[in-house]
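Beneath this line is the structure, given in structure tokens, with notes to follow.
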Amino acid sequence: MIDILDNKKGYIVLILIHRLLGVMLKFAPIIVALAYPVMLFLFLVDILYHYDKGSRAGFYALYMVGYEMIYRMAGAPFSWELGKYSCIILLVFGLCVGPRRGIPWIFLFLLGLLIPAIFLTEHPNPERLNNMIMFNISGPLSLVAAGLYFYKRIVIREDYFRHLRWAFLPAFTIIAGLSVVANVSTLVFTSVQSSSAAAGGFGPNQVSTMLGWFILLVLLYRINGDKITPFNWLDWVMLFYLVLRALLTFSRGGVMGSMLALLGAVAVLFFSSHGFRRQLRKSLPYIVLSLAFFVGVFIVANSITNNFLLYRYQGLNTTEVMT
3 MIDILDNKKG YIVLILIHRL LGVMLKFAPI IVALAYPVML FLFLVDILYH YDKGSRAGFY
63 ALYMVGYEMI YRMAGAPFSW ELGKYSCIIL LVFGLCVGPR RGIPWIFLFL LGLLIPAIFL
123 TEHPNPERLN NMIMFNISGP LSLVAAGLYF YKRIVIREDY FRHLRWAFLP AFTIIAGLSV
183 VANVSTLVFT SVQSSSAAAG GFGPNQVSTM LGWFILLVLL YRINGDKITP FNWLDWVMLF
243 YLVLRALLTF SRGGVMGSML ALLGAVAVLF FSSHGFRRQL RKSLPYIVLS LAFFVGVFIV
303 ANSITNNFLL YRYQGLNTTE VMT
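For the sequence shown, the numbering used here gives the first residue as 3, with consecutive numbering after it.
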């Protein structure tokens, strides 16, 4: 299933399907939510059929992380934490059916540290107790599963960049969804506070963080001289909308987090890889152009918000702006 992206036409079809799901977020959200467990089932079948060839379980888990926000925006009819459960299931299943590897004891030790919390948590309502435990432990458990799966795992560079495109597909859904649920033309900005309306009625911090993840993916490909979509122009169009929508949430964490993650990765590669330093010098004109691109998007976003975005990043509060 993951090999569909190797075919340009297949990739375009997947993009169109995900854009359609985004539009349906407004008109038929239950279908958008149903697509989540359906994809989980298809991923499990594919992992089993190919014995987790190319570490596909890990890339499918990244897809589920990206789609989780859309699933929640659609109402999360099955379970609010289905995204974390899905990642755990995919990664553990990949470990079971894939090639045998050594056991990373450090993550099993971390798992052992989590177990006492299950038995020490108390609440008179059994249902509430179960929800409390699962809500607080599902995140750490997904990290343990990721550690067990990815620890010292070797992934061929070609497979890495081919398969990571799966993780970007939900970006088309969330951009299309935000465009119909919270169109820019309908947004009104009257303060410097985080905008739930610009985030489609959902938590601006969560939406901004997810958009920041997609921004990071695009930049990862561009820095390595590759494209994450079938077309170069589509890369830039998606980057424009991702940055724009992230800025309009007024949540600085997602945007700044993605930038810091990128700078950290570039710094590590710069000092550890001579080939990367050489490539970075050749790409200097494109880096300058990219910086100008980001400044341009910020100017556009600031114009839409009547300068409130600039005030937000200057650290001013609404009272200071109004006086």
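All residues carry an ideal CB built from backbone N, CA and C; glycine is no exception.
Note that this is a predicted model, so its numbers are computed, not measured.
Q | CA nearest to the CA of residue 363, picked from 324, 98, 147, 203 | A | Because the chain here runs from 3 to 325, residue 363 falls outside it and cannot be looked at.
Q) Is residue 156 buried or exposed, if buried means 16 or more other CB atoms sit within 10 Å of its CB? A) exposed
Q. Which residue from 58, 173, 130, 42 puts its Cα closest to that of residue 19?
A. 173
Q: Could you spell out where the alpha helix (DSSP H) holding residue 190 opens and where it closes?
A: It is not in any alpha helix (DSSP H) - residue 190 carries neither H nor E in the DSSP assignment.
**Q.** residue 243: first and last residue of the uninterrupted alpha helix (DSSP H) it sits in
**A.** 234-250
Q) Is it the case that the Cβ atoms of residue 194 and residue 313 are separated by a distance below 8 angstroms? A) yes
Q. With distances taken from CA atoms, which of 316, 273, 270 is nearest residue 252?
A. 316
Q: Figure out for me which residue from 311, 92, 206, 12 has the closest Cα to the Cα of residue 44.
A: 92
**Q.** Cβ pair residue 84, residue 73 closer than 8 angstroms
**A.** yes
(Q) Quick check on the burial criterion: 16 or more other C-beta atoms within 10 angstroms. Buried or exposed for residue 301? (A) exposed
Q. Just the Cα atoms here: how many angstroms apart are residue 168 and residue 321?
A. 44 angstroms
Q | Opening and closing residue of the alpha helix (DSSP H) in which residue 90 lies | A | 84-99
**Q.** Cβ contact (3+ pairs, closer than 8 angstroms) linking the segment 158-167 and the segment 100-115
**A.** no
(Q) Let's test the definition: count the other Cβ atoms within 10 Å of the Cβ of residue 6 and tell me whether it reaches 16, buried, or not, exposed. (A) exposed
Q) If you compare alpha carbons, which of 15, 217, 289 is closest to residue 232? A) 15
Q: Could you tell me the distance, in whole angstroms, from the CA atom of residue 180 to the CA atom of residue 243?
A: 10 angstroms
Q) CA-CA distance, residue 250 and residue 303? A) 7 angstroms
(Q) Suppose the cutoff is 6 angstroms on Cβ atoms and the five residues either side in sequence are ignored; what does the same chain contact list for residue 48 look like? (A) 3
Q. Counting pairs of beta carbons, one from the segment 258-275 and one from the segment 208-216, are three or more of them closer than 8 angstroms?
A. yes
**Q.** Whole-number beta carbon distance between residue 116 and residue 97, since they are thought to touch under 8 angstroms
**A.** In fact, because the Cβ distance is near 18 angstroms, the residues do not count as touching under 8 angstroms.
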